[in-house]
Structures are given as C-alpha cells and as structure tokens.
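Comments concern the structure below.
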Amino acid sequence: GNYEYAMQLWLSGLKQDPASMHGLESFLNAAVNFSGKPGKELLNSVAGKTDADRYTQAVLAWGLKISEASLAVKAVQAAAKLGLGEQAYYLGEKAMSLVRGKPKKQLFIKLMEAFAEVQAYDLAVLAGDAAVQMDPSDGPLSTEVKNMSASATMSRGGFDKAGEEGGFRANVRDLDKQQMLEEADRIVKTEETIDRLIADTEAEFQQRPGDIPTLQKLSKRLLERGRPEDEQRAIRLLMQGYKETSQFRFRQDAGKIRLRQLKRTLLQYQERAEANPDDEKAQQDYADAQAKYFKIEVSELKAAVEAYPTDLPLKFTLGKRYFDAEEYDQAIGLLQEAKGDARFKGQALSLLGRAFHAMEWNDEAIATYRQALDPKASLSDELRLELRYGLLCTLESKAEAERDLEAAEEAEKLASSIAIEQFSYRDIRARRETLKKLVLELKQG
Numbered sequence: 063g064n065y066e067y068a069m070q071l072w073l074s075g076l077k078q079d080p081a082s083m084h085g086l087e088s089f090l091n092a093a094v095n096f097s098g099k100p101g102k103e104l105l106n107s108v109a110g111k112t113d114a115d116r117y118t119q120a121v122l123a124w125g126l127k128i129s130e131a132s133l134a135v136k137a138v139q140a141a142a143k144l145g146l147g148e149q150a151y152y153l154g155e156k157a158m159s160l161v162r163g164k165p166k167k168q169l170f171i172k173l174m175e176a177f178a179e180v181q182a183y184d185l186a187v188l189a190g191d192a193a194v195q196m197d198p199s200d201g202p203l204s205t206e207v208k209n210m211s212a213s214a215t216m217s218r219g220g221f222d223k224a225g226e227e228g229g230f231r232a233n234v235r236d237l238d239k240q241q242m243l244e245e246a247d248r249i250v251k252t253e254e255t256i257d258r259l260i261a262d263t264e265a266e267f268q269q270r271p272g273d274i275p276t277l278q279k280l281s282k283r284l285l286e287r288g289r290p291e292d293e294q295r296a297i298r299l300l301m302q303g304y305k306e307t308s309q310f311r312f313r314q315d316a317g318k319i320r321l322r323q324l325k326r327t328l329l330q331y332q333e334r335a336e337a338n339p340d341d342e343k344a345q346q347d348y349a350d351a352q353a354k355y356f357k358i359e360v361s362e363l364k365a366a367v368e369a370y371p372t373d374l375p376l377k378f379t380l381g382k383r384y385f386d387a388e389e390y391d392q393a394i395g396l397l398q399e400a401k402g403d404a405r406f407k408g409q410a411l412s413l414l415g416r417a418f419h420a421m422e423w424n425d426e427a428i429a430t431y432r433q434a435l436d437p438k439a440s441l442s443d444e445l446r447l448e449l450r451y452g453l454l455c456t457l458e459s460k461a462e463a464e465r466d467l468e469a470a471e472e473a474e475k476l477a478s479s480i481a482i483e484q485f486s487y488r489d490i491r492a493r494r495e496t497l498k499k500l501v502l503e504l505k506q507g
C-alpha cells in the first residue's frame, strides 16, 4: 500500500543519510498509519550489517510495532551508537513515554546509558531516576545517577564552557529570556519544562488571541505534552485557526490528531481481539472500531482531496481506502487519476485491475493488467509478480464465464511460469491444476 511504499522510500533515504531528522519523522508518520504485515521489499530495504543498517533495522522494527517499549529502546540505542544525538533525543522522548506505561528497570537503564552516550544528561537523569525508583536498594545505580545529575547541571549552567570566550557570562545575561528560548528549542524537554513553555505560550495567546503564529505555537506545545485534554485543546485551536483563516492545513492537522486518537483506540481493540479469538464481543468491538476508523479516515481524505485537487498521492490513498472497503465505483475514478503519478502508477493499475475483476468486468481488468505489465514499465519484482497473478486470475474467470479456450491457455501458461519462478506463491499450485483441467475440458468440449 501507499504507507508501506512511503516507509520503504524513507528508510532507503535514512540508510544513505542516517542523520536526516526529516527522514526519520516522515518514516514514523507513515508507520503510524500502516497496518498489516510488511512485504519483502520493505524488509529488504534495511538489509545489511553496518551500524547505519542496524539503525534503520531498529527504526523499522519499532515502526511496525509502535506501542512496543522494548523496540523503541533498541531504536534509541542504535541512534546513540551512531552518535545521532538529535535522533536519540527525538526517539528517546517517545521511548520514555512507552516505558513509563509498562515500567521495567532494565529498559530505563538502557535508555539512561544511551542518553549518556550522546551527552543527553537531562534525559539520562530522568531515565536513571525512574530505574532507581523501581529498585531503591541498587546503590551503584543511585550513585551513577547522581553523577549524571551533576553532569547535567554543569552542562546546563555553562560551567563546562566557562573557559570559552563569553561562555559563563552568556549564561547569566538576560537569564529568563535566554532560558525560555533554550527550553523552547531544546529537543529534550522535561515535564516541568513543557508545563512552563505551555504556560508562557498560553499567556502570549491570551494577550493576542487572534494571532495565528501564537495559536500554532500553543497547539504544538500542547501536542508535545500529549495529554488527552491537550490533544482536545489543540484540535479546538486548530479549528479556530481554520475558521479565522480558511486555510485548510489547520483543518487537516486537526483531523490528523483525531485519527491518531482513533488509531490508539483501534490498536487496543485489535490487541484484545487477538488475545481473545473466541470472544465474540471482542471480535465485534474490533470490527466496529475498524468501521468507525475507516469512516472518519475517508471523510478526512475526501476533504483533503477537495482542498488539494492536484495532489495525486492523496487521491491514491483515498482510492485505496475505497478499494479496501470494496467500494469499487468510488475507488476506480480516483485510482485512474492517481496513476498519472509515476510513483503510484504500477500500484494504481494493480488495484484497478483487481477492482474491475471484482466487478466481473473481465475485459477491462485484462486490458488494465496488460497496460501495467508493459515491458518498459519500471516495476519491482514483487509488483510484477502480483500483476501477472492478477492477470491469470482474470483470464481464468473469463475462460470459465465465456468458455474461452484461448484465455484458459494463456492463464495456464502464466500459472506455470509463476510456479517455476516462485513455487509457493499464494495458491499457484492449486490454480495451475485447476487450469490444466479447464483447458482439457474446453478442448474436449
């Protein structure tokens, strides 16, 4: 799907440039929206044995199980090993939040050590304190945390730069303003710092309630703290910005927050359903949650497509959602437009072929698959195999419905070639046997 392909692209970029924060953030944005099992191409995109490879492998592993604290910690460790301080901070805040949800001393210690490795002493102290609270009898750990706390104080106070020109004086000049600016820019923020930043920004907003940049800053700060009530307030602020400016991006950002909230709820229902496969209520609750998420996601995507009518990736995403819901009439028009973007052409044609086939428009499906399989088309091996399989299934349907020997023979040849290439692909062995019988039957017929 679109999110999986986006994840693959961002990971490939991260392998080339592990220090790209934009790449990391963009990958995680795609990962949060991805559901299902990863394909071979996504997994192969991070293959390798270098530290950079291991970093992208750790980031992918966590991205696929975004609520798993231990995987988040491994991603932080991998970033720290590469000396990626900014990435370790960014991932570390999220990892700390997850570990606090299901506290484990060893995970806090691993985070503490990783943070210390990139000199993120403030966050190292937070992780260390949490570990000590879980085991107050661990004297050596308590001593280590105290030493780190001293390092954090030295770093914060500028004493480690006292020998540099202006080093110490810079820390006492206009201290309140300087502290606020530094805290706002610092990637790692303690809870106390975030609370203070929100209070400061709130005061600014009260003085200038119609000021859009201040509104944006306040909504950003609230989302950094991330409490449920903060998210609701951020939604209200963004919708206020949309109402006052008519700029759709505010409406879109509010929608993304709602979807994140729903996604968290959906994952809880999914975990419950998977843990209790015989519980009918758990299964029904999960199905209802999926339906609700789909309805709201489609509503958000439709609004975005209307606001940005030339954005083909958006149209592909919406078309795929309609396809997944078997709403083929809605899907086809969007996918036909989306194939105008070379990045999505192969995937869009594959979905179009499947949609026509599901509607029993076999000739249209066959023509679509043939168009997609143009020898000049730039397709991955996996997608080309998927398209050939789709073509043989449609040819088989045509052969059965119209007693068409030529279609049956072409389908049999395709099945045979796929079996030679990948013997365990889907149900190819059974289809090959069925097609051999169909060809024989039509020849005798």
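Going by our numbering, the letters in the sequence shown line up with residues 63 to 507, in that order.
Ideal Cβ placement from N, Cα and C applies to all residues, glycine included.
**Prompt:** From which residue to which residue does the alpha helix (DSSP H) around Q181 run?
**Reply:** First-last for Q181: undefined, no H or E at that position.
Discussion item. Assuming R287 is part of the alpha helix (DSSP H), what are its boundary residues?
Written reply: 274–287 is the extent of the alpha helix (DSSP H) around R287.
query: For the candidate residues S204, E155, A366, L435, whose alpha-carbon lies nearest to that of L454?
result: Ranking S204, E155, A366, L435 by CA distance to the CA of L454 puts L435 first.
Spatial neighbours of K239 within its chain, please: C-beta separation below 6 Å, excluding the five flanking residues on both sides.
Any reading at K239 needs caution, since the residue's pLDDT is 46, under 50, leaving its predicted position unreliable; the model's value is listed next. Once the five neighbours on either side are set aside, K239 has no close Cβ partner at all.
Span of the alpha helix (DSSP H) around P290
Run containing P290: 290–307, per the alpha helix (DSSP H) assignment.
Determine the direct distance from the alpha carbon of E336 to that of G154, and round the result to whole angstroms.
-> Rounded to whole angstroms, the separation of the alpha carbons of E336 and G154 is 29 Å.
Query raised in the report: Cα separation between Q78 and M210?
Result: Put simply, the backbone Cα of Q78 is about 33 Å away from that of M210.
Which residues mark the beginning and the end of the alpha helix (DSSP H) in which S479 is found? Boundaries of the alpha helix (DSSP H) around S479: 467–483.
Is it right to say L376 is buried, meaning 16 or more other beta carbons lie within 10 angstroms of its own, or is it exposed?
Under this definition L376 is a buried residue.
What three-state label does DSSP hand Q70 in the structure shown?
-> In this structure, Q70 counts as helix in the three-state DSSP scheme.
message: Between the alpha carbons of D257 and E426, how many angstroms are there, rounded?
response: Their Cα atoms are separated by approximately 59 Å.
Could you name the residues of the same chain whose beta carbon sits closer than 7 Å to that of D315, not counting the 5 residues immediately before and after it, in chain order? Apart from the 5 residues on each side of it in sequence, D315 sits with its Cβ closer than 7 Å to the Cβ of L300 in its chain, given in chain order.
ask   = Would a C-beta distance cut-off of 7 Å place L280 and T263 closer than the cut-off?
value = In contact: L280 and T263 (Cβ atoms closer than 7 Å).
Within 7 Å, strictly: CB atoms of A142 and V180: Yes.
| said: I'd like to know whether the C-beta atoms of T321 and E359 end up nearer to each other than 7 Å. | reply: Reading off the sequence, residue 321 comes out as Leu, not Thr. It is a contact, given that the beta carbons lie within the stated cut-off.
(Q) Using only the alpha-carbon positions, how far apart do R116 and K325 sit? (A) Each residue's alpha carbon lies about 28 Å from the other.
Q: Just the C-alpha distance for A123 and G98, rounded to the nearest angstrom, thanks.
A: Looking at the two C-alpha atoms, the distance is approximately 13 Å.
Using only the alpha-carbon positions, how far apart do R313 and G75 sit? Going from the Cα of R313 to the Cα of G75 covers about 30 Å.
With DSSP collapsed to three states, give me the class of P198.
The answer is coil: DSSP assigns P198 none of H, G, I, E or B.
- Task: Classify A394 as buried or exposed, calling it buried when 16 or more other Cβ atoms lie within 10 Å of its own Cβ.
- Result: Looking at the sequence provided, one finds Ile at residue 394 rather than Ala. I394 should be labelled buried.
Same chain, Cβ closer than 8 Å to E103, five either side skipped, listed in chain order
Excluding positions up to five away in sequence, the list reads Q70, S442, E444.
Practice item. Look at the Cβ atom of V121, then the Cβ atom of A137, and state whether they are nearer than 7 Å. Key: Judged by their CB atoms, V121 and A137 are nearer to each other than the 7 Å cut-off.
Quiz item: By DSSP, does P371 sit in helix, in strand, or in coil?
Solution: DSSP places P371 in coil when its eight states are reduced to three.
Item to complete: Can you have a look at G228 and say buried or exposed, based on whether 16 or more other CB atoms are within 10 angstroms of its CB?
Response: Caution is warranted here: a pLDDT of 40 is assigned to G228, below 50, making its placement in the model unreliable, and the coordinate value is therefore given only provisionally. Within 10 angstroms of the beta-carbon of G228 lie fewer than 16 other beta-carbons, which makes it exposed.
Q) Three-state secondary structure (DSSP) at E103? A) Look at E103 here: in three-state DSSP terms it is helix.
For V94, name the three-state secondary structure that DSSP assigns.
-> Shown here, V94 sits in a helix according to DSSP, grouped into three states.
*Using the beta-carbon count (16 or more within 10 Å), is H419 buried or exposed?*
H419 sits buried, since 16 or more C-beta atoms from the chains shown fall within 10 Å of its C-beta.
message = Taking the alpha helix (DSSP H) that I260 belongs to, which residues open and close that run?
response = Element bounds for I260: 253–269.
Spatial distance of K475 from P437 (CA atoms)
Their backbone Cα atoms lie some 18 Å apart in a straight line.
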